[in-house]
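Enquirer:
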Amino acid sequence: MAKTVSLGSSGLKVSNLCLGCMNFGESTTEEDSLAILNAACDAGVTFWDTADVYAAGRSEEILGKFFVESNLRSQIVLATKVNGAMGPGPNDRGLSRRHLKAGVEASLCRLRTDWIDLYQLHRYDPSVPLEETVETLDTLVKEGKIRYWGTSTFASWQMSEAHWTAKVAHRVGPVCEQAPYNILDRRIENDRAGFLKYAGWGLIVWSPLAGGQLTGKYGTISPEKLPEGSRIARNLMWRERSNSSAAEVSAAYVELAREHGFDPALAAVAWTLANPLVTAPLIGPRTLEQFTSLLPAAYLSLPKAFLAGVDTLVPPGTAVADFLNNAGWQVGRLPGLDSGGA
């Protein structure tokens, strides 16, 4: 069973594994998605993350179907995100008051729920004053449509701006950041760690398996040799997160994990939890088997020798791959064309 932890210094309690639902409705069928959701409930993984842009809204719709059929909505901490393009118009994306209001109503409808526990800004929007965004989120909390809000893949200065914009205006402020963090890209240990400690934010981390590169299931991965069916093979943005250095480190990591008797994927997820700043890593399975195989990460303790070995491969705060590159929807593509970005 997953452990229960606090989301930063907020009062919200979540499981220390977060089920990522990005694949639902695309590479994972509705039937298989519902099976994963049932298994998550059985395993105590009751913190679920999706986004309006995932599968052009289908991911949220599948969750909504589960809630209606299971009557388990009250047991789930439900997180979704907003910003991505949900239509062709200039106001069909971003963090304006108009799009936030429309976006939350559309998500509530697809999710078939009256409230969202955690509403996350999927990326920073430089075209909208943050005061407008924060004021709107404060209103949504007071209206009971969202309970908490957070940021996703914000730079440290953007996180600070969000925090202080809310503080100065006496508005409800953000409680967490969702950021990429894995053995290949450890930069948040330098550029976000200090602020997270200072502000008391929770940290949800995406791509703990580096798009499958740390699983050891595909052999040696390189930009020239991509495993069929893997996320980095299916999506251009993910392919850009693979390079020759990352391939070499991934192969060395897999060998290190196996030398210590660990499944590489399981140890990679548990490694993120060894960082006390991390509230929960996102596990975004494509199959039920993938989901169940990662559950022991919730309580797996890694020996110091293994952690030191990882530090030798990729020193703390450094990176051999860039997981902060832009998702497809950030550069004007509509959902369904390239919605595989975190």
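Residues 1 to 342 in UniProt numbering are what the sequence shown lists, from first letter to last. Idealized CB from N, CA, C, for every residue including glycine.
#1: Count the C-beta pairs between the segment 292 to 308 and the segment 256 to 273 that are closer than 8 angstroms, then say yes if the count reaches three, no if not.
#2: May I ask you to list the residues that DSSP assigns as paired with A49?
#3: Taking DSSP as the reference, what is the three-state secondary structure of K197?
#4: When we look at the beta-carbon of Y198 and count the other beta-carbons within 10 Å, is it buried (16 or more) or exposed?
#5: Going by C-alpha distance, which of V320, G87, R97 and H99 is nearest Y181?
#6: Taking I116 as part of the alpha helix (DSSP H), name the residues at either end of that continuous run.
#7: So A35 is in the alpha helix (DSSP H); what residue range does that whole segment cover?
#8: One question on the structure: do A162 and T151 come within less than 8 angstroms of each other, judged by their Cβ atoms?
#9: Using the C-alpha atoms, what's the distance from Y253 back to H122?
#10: By Cβ distance, which residues of its chain are closer than 8 angstroms to V314, with the 5 residues on each side in sequence left out?
#11: Determine the extent of the alpha helix (DSSP H) in which T165 is found, giving its start and end residues.
#12: Quick one: what does DSSP say Y299 is sitting in, helix, strand or coil?
#13: Would you mind reading off the limits of the alpha helix (DSSP H) that contains S74?
#14: Can you find at least 3 beta carbon pairs, one from the segment 301 to 316 and one from the segment 30 to 45, that sit closer than 8 angstroms?
#15: Let me know the secondary structure DSSP gives D322 once reduced to three states.
#16: Nearest-angstrom Cα distance between L37 and T165?
#17: So is R98 buried or exposed if we call it buried at 16+ other beta carbons inside 10 Å?
#18: Please determine, among G317, L140, A55 and L72, the residue with the shortest C-alpha to C-alpha distance to G25.
#19: Have a look at G173 and K3 and give me their C-alpha separation to the nearest angstrom.
#20: What residues in its chain sit with their C-beta under 8 angstroms from that of I146, if we drop five residues either side in the sequence?
#21: Is G144 near R112, with beta carbons less than 8 angstroms apart?
#22: Could you please give the first and the last residue of the uninterrupted alpha helix (DSSP H) stretch that includes P208?
#23: Throw me the rounded Cβ distance for the L95 and V128 pair, which I believe falls under 8 angstroms.
#24: When you compare only the Cα positions, how much space is there between G212 and Q290?
#25: Could you compute how far the alpha carbon of V283 sits from the alpha carbon of V168?
#26: Let me check one thing: in DSSP terms, what residues is K13 bridge-paired to?
#27: Cα separation between S9 and G194?
#28: Would you mind sorting S245 into buried or exposed? The rule is 16 or more other CB atoms within 10 Å of its CB.
Expert: According to the structure data:
#1: Segments in contact, yes.
#2: According to the sequence displayed, residue 49 carries Asp and not Ala. Paired residues: G20 and A79.
#3: Collapsing the DSSP output to three states places K197 in a helix.
#4: That one is exposed.
#5: Out of V320, G87, R97 and H99, V320 has the C-alpha closest to the C-alpha of Y181.
#6: For I116, there is no enclosing alpha helix (DSSP H); the enclosing beta strand (DSSP E) has its first and last residue at I116 to L121.
#7: That run of the alpha helix (DSSP H) goes E30 to A43.
#8: Taking 8 angstroms as the Cβ cut-off, A162 and T151 qualify as a contacting pair.
#9: Distance between the alpha carbons of H122 and Y253: 30 angstroms.
#10: Excluding sequence neighbours, V314 sits near I183, L184, R186, V249 and V320.
#11: T165 -> alpha helix (DSSP H) spans S156 to V168.
#12: DSSP places Y299 outside both helix and strand once states are collapsed to three, so it counts as coil.
#13: Here S74 belongs to no alpha helix (DSSP H), and DSSP marks it neither H nor E.
#14: The segment 301 to 316 vs the segment 30 to 45: no contact.
#15: Of the three classes helix, strand and coil, the one that applies to D322 here is coil, per DSSP.
#16: L37 and T165 have their alpha carbons spaced roughly 36 angstroms apart.
#17: Taking a 10 Å sphere around the C-beta of R98, we find fewer than 16 other C-beta atoms and assign the residue as exposed.
#18: The residue with the shortest Cα to Cα distance from G25 is A55.
#19: Answer to the nearest angstrom: the Cα atoms are 26 angstroms apart.
#20: Same-chain partners within the cutoff: V104, W115, I116, D117, L118, Y119, L137 and L140.
#21: Cβ distance not < 8 angstroms, so G144 and R112 don't count as in contact.
#22: Here P208 belongs to no alpha helix (DSSP H), and DSSP marks it neither H nor E.
#23: Rounded, the Cβ-Cβ distance is 5 angstroms, consistent with contact.
#24: Each residue's alpha carbon lies about 11 angstroms from the other.
#25: Sequence inspection shows Ile at residue 283; the Val mentioned does not correspond to that position. CA-CA distance, I283 to V168, rounds to 35 angstroms.
#26: Paired residue(s): S6.
#27: So the two alpha carbons sit approximately 15 angstroms from each other.
#28: Taking a 10 Å sphere around the C-beta of S245, we find fewer than 16 other C-beta atoms and assign the residue as exposed.
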